[in-house]
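Asker: For the sequence shown, full-length UniProt numbering assigns the number 1 to the initial residue and increments by one for each residue that follows. Idealized CB from N, CA, C, for every residue including glycine. Dropping a structure here in structure tokens format, bear with me for questions.
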Amino acid sequence: MAETTEGPEAPLVWQKARRTPRRQAPSVERIVQAAIVIADTEGVDALSMRRVAADLDSGTASLYRYVDGRDELLDLMINDVHGEAGPPPLTGDWRADLTNIAGDLRATLLRHPWLGSELTGRPALGANSLRRHDLALTAAAALTPDITLATGVVDTVMAYVFGAVTQELAELQAQRRSGLTEEQWRASVGPYIREVVESGAYPQFARRVVEAEDRAPQEQFAFGLACVLDGVAARVRGASAG
Numbered sequence: 001m002a003e004t005t006e007g008p009e010a011p012l013v014w015q016k017a018r019r020t021p022r023r024q025a026p027s028v029e030r031i032v033q034a035a036i037v038i039a040d041t042e043g044v045d046a047l048s049m050r051r052v053a054a055d056l057d058s059g060t061a062s063l064y065r066y067v068d069g070r071d072e073l074l075d076l077m078i079n080d081v082h083g084e085a086g087p088p089p090l091t092g093d094w095r096a097d098l099t100n101i102a103g104d105l106r107a108t109l110l111r112h113p114w115l116g117s118e119l120t121g122r123p124a125l126g127a128n129s130l131r132r133h134d135l136a137l138t139a140a141a142a143l144t145p146d147i148t149l150a151t152g153v154v155d156t157v158m159a160y161v162f163g164a165v166t167q168e169l170a171e172l173q174a175q176r177r178s179g180l181t182e183e184q185w186r187a188s189v190g191p192y193i194r195e196v197v198e199s200g201a202y203p204q205f206a207r208r209v210v211e212a213e214d215r216a217p218q219e220q221f222a223f224g225l226a227c228v229l230d231g232v233a234a235r236v237r238g239a240s241a242g
């Protein structure tokens, strides 16, 4: 993001002055909150201006007085959920601070399962989103003053969080789709897994089944994050030594 180019003249959602709603008319805040509820409970594919208007008992046309369309609404939703209670204030300990920031993002993504897919493209530019990103860069700056390295550290940590949460959400989706909890699913495939283990064809997989301890999702997340932080710290030290 070192360079900027001339873009379209239409203002971004963050540059627009908001209308003051007439009495009984939906406000931007009510529109955004209704949209978040729909996305949280039914998925982002269920989201439309018509659907939000119906939930607010309002006409679809009236919503367009405050929000230009679905894409702009999604931008506002992302910014709103990024404004929820965030990580504690920075301590100056880069590792502790990035751990807290990563954990807070994980919690936000799990509360709002639609959010991850909306954040994997271009960066979110709302004030709350920028504040979170700036906080992460400030934490990484305690590890290295090189802003390029600090950016790489933050991007790497965030990529891990998104990947880990995607896996957690996939398990939750599988439970909803199949109607089986993870424990029930394990019991249903147990006889087959025993056959695989006893066949001797996959010795390391057999060791994993018989000997390895399964971590809870939070424990696995913490383990993976620690590995990532160990790795970026080693890379930064290597770059500094070079």
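Figure out for me which residue from S178, R50, G83, Q175 has the closest Cα to the Cα of H133.
Answerer: Walking along the sequence shown from the start, residue 133 turns up at place 133. Of the listed residues, the one whose Cα sits closest to H133 is G83.
Asker: Report the option in F205, A201, V236, L169 whose CA atom is closest to the CA atom of A107.
Answerer: The residue labelled residue 107 in the question sits at position 107 within the sequence shown. Answer by Cα proximity: L169.
Asker: Leaving out five residues before and five after T60 in sequence, what residues of the same chain have Cβ atoms less than 6 Å from its Cβ?
Answerer: As a position in the sequence shown, residue 60 is number 60, starting the count at 1. Hits under 6 Å: M49, R50, A53.
Asker: Taking L137 as part of the alpha helix (DSSP H), name the residues at either end of that continuous run.
Answerer: What you label residue 137 is simply residue 137 of the sequence shown in a count that begins at 1. Here the alpha helix (DSSP H) through L137 covers 127-141.
Asker: Are the CB atoms of I154 and A140 nearer to each other than 7 Å?
Answerer: Indexing the sequence shown from 1 puts residue 154 at position 154. Indexing the sequence shown from 1 puts residue 140 at position 140. In the sequence under discussion, the amino acid at residue 154 is Val, which differs from the Ile named in the question. Contact: yes.
Asker: So V81 and Y160 are supposed to be a Cβ contact under 8 Å. How far apart are they, rounded?
Answerer: Here residue 81 refers to the residue found at position 81 of the sequence shown. Here residue 160 refers to the residue found at position 160 of the sequence shown. That pair is no contact at about 20 Å.
Asker: Between R65 and G179, what straight-line distance do the alpha-carbon atoms span, to the nearest angstrom?
Answerer: As a first step, residue 65 is located in the sequence shown; it is residue number 65 there, counting from the start. As a first step, residue 179 is located in the sequence shown; it is residue number 179 there, counting from the start. Each residue's Cα considered, the two are about 42 Å apart.
Asker: For the region 112-130 and the region 90-97, state whether three or more C-beta atom pairs, one from each stretch, are separated by less than 8 Å.
Answerer: Too few Cβ pairs lie closer than 8 Å, so no.
Asker: Indicate the three-state DSSP secondary structure (helix, strand or coil) for R23 in the structure shown.
Answerer: Stepping through the sequence shown from its first residue, residue 23 is reached at position 23. Per-residue confidence for R23 stands at a pLDDT of 49, beneath the threshold of 50, marking its modelled position as unreliable; no derived number is given.
Asker: Output the distance between the C-alpha atoms of T156 and D57, rounded to the nearest integer angstrom.
Answerer: Indexing the sequence shown from 1 puts residue 156 at position 156. Indexing the sequence shown from 1 puts residue 57 at position 57. Near 43 Å, if we compare the C-alpha coordinates of D57 and T156.
Asker: Could you tell me whether the Cβ atoms of I78 and E118 are closer together than 7 Å?
Answerer: Taking the first residue of the sequence shown as position 1, residue 78 is located at position 78. Taking the first residue of the sequence shown as position 1, residue 118 is located at position 118. Result yes, Cβ atoms of I78 and E118 sit closer than 7 Å.
Asker: Whole angstroms is fine: what's the gap from G92's alpha carbon to E29's?
Answerer: Numbered from 1 along the sequence shown, position 92 holds the residue referred to as residue 92. Numbered from 1 along the sequence shown, position 29 holds the residue referred to as residue 29. When rounded, the distance between both Cα atoms is 35 Å.
Asker: Take V235 as the anchor and find which of M158, F162, G190, D146 has the nearest alpha-carbon.
Answerer: By one-based count along the sequence shown, residue 235 stands at place 235. Residue identity check: residue 235 is Arg in the sequence provided, not Val. Checked all of M158, F162, G190, D146; the closest Cα to R235 is D146.
Asker: Could you tell me the distance, in whole angstroms, from the CA atom of R23 to the CA atom of E182?
Answerer: Stepping through the sequence shown from its first residue, residue 23 is reached at position 23. Stepping through the sequence shown from its first residue, residue 182 is reached at position 182. Any reading at R23 is ruled out, since the residue's pLDDT is 49, under 50, leaving its predicted position unreliable.
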